[in-house]
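A.B. asks:
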Amino acid sequence: MNYNQMMVDLRVEYVSSLPQKILDIETHYIAKDRERLRDDFHKLKGTGKTYWVPEISELGEVFEKICLKETIPINQFIPSAINLLKQIYSYRKEDKAYDLSQVTEFLNAQRLIS
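For reference, each letter of the sequence shown is one residue, going 5 to 118 in the numbering used here.
1) Once the 5 residues before and after L89 are set aside, which same chain residues still bring their CB inside 6 Å of it?
2) Can you name, in chain order, every residue of its own chain whose Cβ lies under 6 Å from the Cβ of I82, other than the five neighbours on each side?
3) Within 10 Å of its beta-carbon, does D44 have 16 or more other beta-carbons around it, so buried, or fewer, so exposed?
4) Counting Cβ pairs closer than 8 Å, one from the segment 10–24 and one from the segment 51–68, do we hit at least three?
5) In or out: K73 buried (at least 16 other Cβ within 10 Å) or exposed?
6) Per DSSP, what kind of secondary structure is E59 in: helix, strand or coil?
7) Using the Cβ count rule (16 or more neighbours within 10 Å means buried), how would you classify L104?
8) Do E59 and I92 have their C-beta atoms closer together than 8 Å?
9) Ignoring anything shorter than 3 residues or poking outside the segment 63–97, list the beta strand (DSSP E) runs there in chain order.
10) When the Cα atoms are used, what is the spatial distance from Q106 to E62?
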């Protein structure tokens, strides 16, 4: 097996793990556990690019920073993050990239931390 095929296989495995990651985020959101949400998004930030899913890293970075800003109510943006993760999963399970630069709710969240 060559490197590219190995990375494709790892990406498929990573994408298949996204529903559980989304469920974890939903659980931590319902519990209003800001610290665990920050951890969840931090992990996404670190893993997405590793598995050739850069939009996951982009999303993770933005929403980790939102979780770190105590002045931003998590109920204002975390539902959007969950929705975006579900959309990314839908695209990626079909082996399509998802362009966050075209998504208003992501751009609004990004502006908030700039």
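Cβ atoms here follow ideal geometry from the backbone N, Cα and C, with glycine treated the same way.
C.D. replies: In short:
1) Within the same chain, L89 has close Cβ partners I26.
2) Y33
3) buried
4) yes
5) exposed
6) helix
7) buried
8) yes
9) Entirely contained in the segment 63–97, not one beta strand (DSSP E) run reaches 3 residues.
10) Distance between the alpha carbons of Q106 and E62 is about 13 Å.
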